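Worksheet: the structure to be examined is printed underneath.
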Ligand code: SF4
Ligand code: SF4
Ligand code: FES
Ligand code: FES
């Protein structure tokens, strides 16, 4: 039996008096985040099978075709959503716990080292989150535009052999399962982005006195709206992470001919 | 209906101590504090425990039950499996006085350092102000704090890294947010939060939010909004440029 208070409490890494399965959540977080990182790197790195018919993978939107960039164009784009998620207040919590073990779970011992939190580099850079948020808002519009394009199908079916629509083909309105997948993805991404803490601060969180601020009522209403989404920020963060990967996968499998898209309208 | 429960309670002082096991007859609906009192009454009259209201409102009976910070008066024995003993230890982040009692006076010192509430000049000639319920709802959430200091106890910055000199802890970030978001307040706290307050030491891992018995959304509603205000003042070149151009300070 322990003889001093210190012995009783968490000393080194993982030491705790907790009896529940505190390690499950961080293990799950680490597994999912790592799987996503592997899939996203692979999918972005292939540089192929990212479009099929009117569909475009979110990893490759906006579609950039340049000669000066030797790698897949997806890497030029992914900097923004990646930076947005890496500096997101929710994901910070998730990976500080799961990867940095700082702390791995509440009231569980850490491997002691010179903890500096977010006060020193590199974590001081988390303060740039709002700038990534500005970019992320732009991306919502870009991806929404892709959904509009995914409603425009070629009139004749000759393109189906190659999966790529020749430029200038006459188009008409249509909806495929992929259109729905892409729309759902944008919806989830919008719920995630418009629930951002930095946006919440920007639209109204910085105001103390709504009744005396300029456009105070509007800012109050915007703040309430963002706060409503923000309350479930974690859920949106995960759902939109899955939806981005699944949207890419869906279009990729169509392009590879593994699955056949269902034309609804 | 009553049943035998086993409690392992820390007995000792700062220099030495041990977990001592007690068996107690537990009735229906009994909370941990009831069991501790029963042990005190029947078996260990010298057991030190602090309590006051037995209703989760005074914040005195904070301790750790099976390693998790809890109010003993709000924690039912029936939440724990009968076969296993329930371990009760004092809060770890504060110096031990004896048994389950810790010295939380550091918190009161910290409280005094926060720049206090300073209202703008009165709105009406009779020296009164006007404000609306919808705009004071934000600080009202923070005013629910009962100063149990469970959030301070669980916060790894204090608990594990012992940064009591550099960090005021979640409870006082909540307090600062109560002043800072108040519609009438005009005091400047961003520099205090960045320097003395040590807000950057918080890595928003939300353990404080998980333990708060008043369900205050400490991290999302108090700390992160304060972090954003500190970014405004210190890390946002565009905001700085905007202030220069318009000659305005932030709201
Ligand atoms: S969120 Fe910040 S203040 Fe709260 S427990 Fe974690 S590190 Fe401490
Ligand atoms: S914020 Fe919550 S946990 Fe922290 S002292 Fe106040 S009531 Fe207790
Ligand atoms: S806080 Fe998560 S996206 Fe900004
Ligand atoms: S005795 Fe008052 S909160 Fe528990």
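Protein chains in written order, with our numbering: chain A, 1 to 265; chain B, 1001 to 1251.
For every residue, glycine included, the Cβ atom is placed at its ideal position computed from N, Cα and C.
Predicted model only: the values in this text are computed from it and were never measured.
(request) State yes or no: is the beta carbon of residue 18 (chain A) nearer than 8 Å to at least one beta carbon in chain B? (result) Interface residue, yes.
(message) At 4 residues or longer, what runs of the alpha helix (DSSP H) sit wholly inside the segment 1121-1152 of chain B?
(response) Counting only runs of 4 or more, we get 1133-1142.
(message) Counting only beta-carbon separations shorter than 8 Å, does residue 1173 (chain B) have a partner in chain A?
(response) Chain A contact via Cβ: absent.
(request) Return helix, strand or coil for residue 1228 (chain B), following the three-state DSSP convention. (result) In the three-state reduction of the DSSP assignment, residue 1228 (chain B) falls in the helix class, which pools H, G and I.
(request) Check each candidate in A:18, A:252, A:21, A:88 and name the one with the smallest Cα separation from residue 234 (chain A). (result) Taking only the C-alpha atoms, the option nearest residue 234 (chain A) is A:88.
(request) Determine the chain B residues that contact residue 25 (chain A) at a beta-carbon separation under 9 Å, and present them in chain order. (result) The premise fails here: residue 25 (chain A) is roughly 11 Å from chain B at the closest Cβ pair, so nothing lies under 9 Å.
(request) Give a yes or no on whether the minimum CB-CB distance between residue 96 (chain A) and chain B is below 8 Å. (result) Taking CB atoms only, residue 96 (chain A) has a neighbour in chain B less than 8 Å away.
(message) Quick check: does the Cβ of residue 89 (chain A) come within less than 7 Å of any heavy atom belonging to ligand 3?
(response) Flag set: Cβ of residue 89 (chain A) near ligand 3.
(request) Quick one: list the residues of chain B neighbouring residue 337 (chain A), beta-carbon separation under 7 Å, in chain order. (result) Here chain A comprises residues numbered 1 to 265, so residue 337 (chain A) is not present and cannot be evaluated.
(request) Please decide whether residue 1132 (chain B) counts as near chain A, where near means a Cβ-Cβ distance under 8 Å. (result) Answer yes: the Cβ-Cβ gap between residue 1132 (chain B) and chain A drops below 8 Å somewhere.
(message) In whole angstroms, give me the CA-to-CA distance for residue 82 (chain A) and residue 1081 (chain B).
(response) Using only the alpha carbons, I get a separation of about 44 Å.
(message) Using C-beta distances below 7 Å, list every residue in its chain close to residue 1024 (chain B), excluding the 5 sequence neighbours before and after it, in chain order.
(response) Excluding its 5 nearest sequence neighbours in each direction, residue 1024 (chain B) has C-beta neighbours in its own chain below 7 Å: 1005, 1007, 1035, 1038, 1039, listed in chain order.
(request) Using a Cβ cut-off of 8 Å (strictly closer), state whether residue 119 (chain A) contacts chain B. (result) Taking Cβ atoms only, chain B reaches closer than 8 Å to residue 119 (chain A), which makes this a yes.
(request) Could you confirm whether any beta carbon from chain B is found closer than 8 Å to the beta carbon of residue 88 (chain A)? (result) No - not a single Cβ of chain B is within 8 Å of the one on residue 88 (chain A).
(message) Does the distance between the C-beta of residue 1171 (chain B) and the nearest non-hydrogen atom of ligand 4 fall short of 7 Å?
(response) Checking every heavy atom of ligand 4 against the Cβ of residue 1171 (chain B), none is found closer than 7 Å.
(request) Starting from residue 1006 (chain B), follow the beta strand (DSSP E) in both directions and report where the run begins and ends. (result) Element bounds for residue 1006 (chain B): 1002-1012.
(message) Check this for me: beta carbons of residue 1199 (chain B) and residue 1163 (chain B), under 8 Å apart or not?
(response) It is not a contact, given that the beta carbons lie outside the stated cut-off.
(request) Could you tell me whether any non-hydrogen atom of ligand 2 is closer than 7 Å to the CB of residue 1214 (chain B)? (result) Residue 1214 (chain B) Cβ: within cutoff of ligand 2.
(message) Taking the beta carbon of residue 1100 (chain B) as the centre, do at least 16 other beta carbons fall within 10 Å, making it buried, or is it exposed?
(response) Classification for residue 1100 (chain B): buried.
(request) Please report how far the alpha carbon of residue 97 (chain A) lies from the alpha carbon of residue 1090 (chain B), in whole angstroms. (result) If I take the Cα positions, the gap works out to 25 Å.
(request) Kindly indicate if chain B contains any beta-carbon less than 8 Å away from that of residue 127 (chain A). (result) By this cut-off, residue 127 (chain A) is an interface position.
(request) Report yes or no: do the segment 185-204 of chain A and the segment 154-168 of chain A share at least 3 C-beta pairs separated by less than 8 Å? (result) Taking 8 Å as the limit for Cβ pairs, the verdict is that the segment 154-168 of chain A does not touch the segment 185-204 of chain A.
(message) For the segment 1199-1213 of chain B, list every residue whose C-beta sits within 8 Å of some C-beta in chain A, in sequence order.
(response) Hits within the stretch, in order: 1200, 1201, 1202, 1203, 1204, 1205, 1206, 1207, 1210, 1211.
(message) Between the segment 238-255 of chain A and the segment 56-67 of chain A, can you find at least three pairs of beta-carbon atoms closer than 8 Å?
(response) Under the three-pair Cβ rule at 8 Å, the segment 56-67 of chain A counts as touching the segment 238-255 of chain A.
(request) Return helix, strand or coil for residue 154 (chain A), following the three-state DSSP convention. (result) In this structure, residue 154 (chain A) counts as strand in the three-state DSSP scheme.
(message) For residue 1138 (chain B) and residue 241 (chain A), I'd like the C-alpha separation in whole angstroms.
(response) Distance between the alpha carbons of residue 1138 (chain B) and residue 241 (chain A) is about 31 Å.
(request) Would you please state the rounded distance, in angstroms, between the beta carbons of residue 174 (chain A) and residue 263 (chain A)? I believe it to be under 8 Å. (result) Indeed they touch by this definition, with Cβ atoms about 7 Å apart.
(request) Indicate the three-state DSSP secondary structure (helix, strand or coil) for residue 19 (chain A) in the structure shown. (result) Residue state, collapsed to three classes: coil.
(message) For a test of your reading of the model: does the CB of residue 1038 (chain B) fall under 7 Å from any non-hydrogen atom of ligand 6? Yes or no.
(response) The model depicted lacks ligand 6 and carries ligand 1, ligand 2, ligand 3 and ligand 4 instead.
(message) Among A:207, A:185, A:200, whose alpha-carbon lies nearest the alpha-carbon of residue 244 (chain A)?
(response) The closest CA to that of residue 244 (chain A), considering only A:207, A:185, A:200, is found on A:185.
(message) Check whether the segment 1114-1122 of chain B and the segment 1183-1197 of chain B touch, using three or more Cβ-Cβ pairs below 8 Å as the test.
(response) By the Cβ criterion, the segment 1114-1122 of chain B is in contact with the segment 1183-1197 of chain B, since at least three pairs of Cβ atoms, one from each stretch, lie closer than 8 Å.
(message) Does residue 1206 (chain B) come out as helix, strand or coil in the three-state DSSP assignment?
(response) Note: residue 1206 (chain B) maps to coil in three-state DSSP.
(message) Need the endpoints of the alpha helix (DSSP H) that residue 1068 (chain B) sits in, please.
(response) Segment 1068-1071 is the beta strand (DSSP E) holding residue 1068 (chain B); no alpha helix (DSSP H) there.
(request) Kindly indicate the opening and closing residues of the beta strand (DSSP E) around residue 1020 (chain B). (result) Unbroken beta strand (DSSP E) run through residue 1020 (chain B): 1017-1027.
(message) Does the segment 97-108 of chain A come into contact with the segment 1150-1164 of chain B, if we say contact requires no fewer than three beta-carbon pairs (one atom in each stretch) closer than 8 Å?
(response) Counting Cβ pairs under 8 Å, three or more are found: they touch.
(request) Starting from residue 191 (chain A), find everything on chain B with Cβ-Cβ shorter than 9 Å and list it in chain order. (result) The premise fails here: residue 191 (chain A) is roughly 16 Å from chain B at the closest Cβ pair, so nothing lies under 9 Å.
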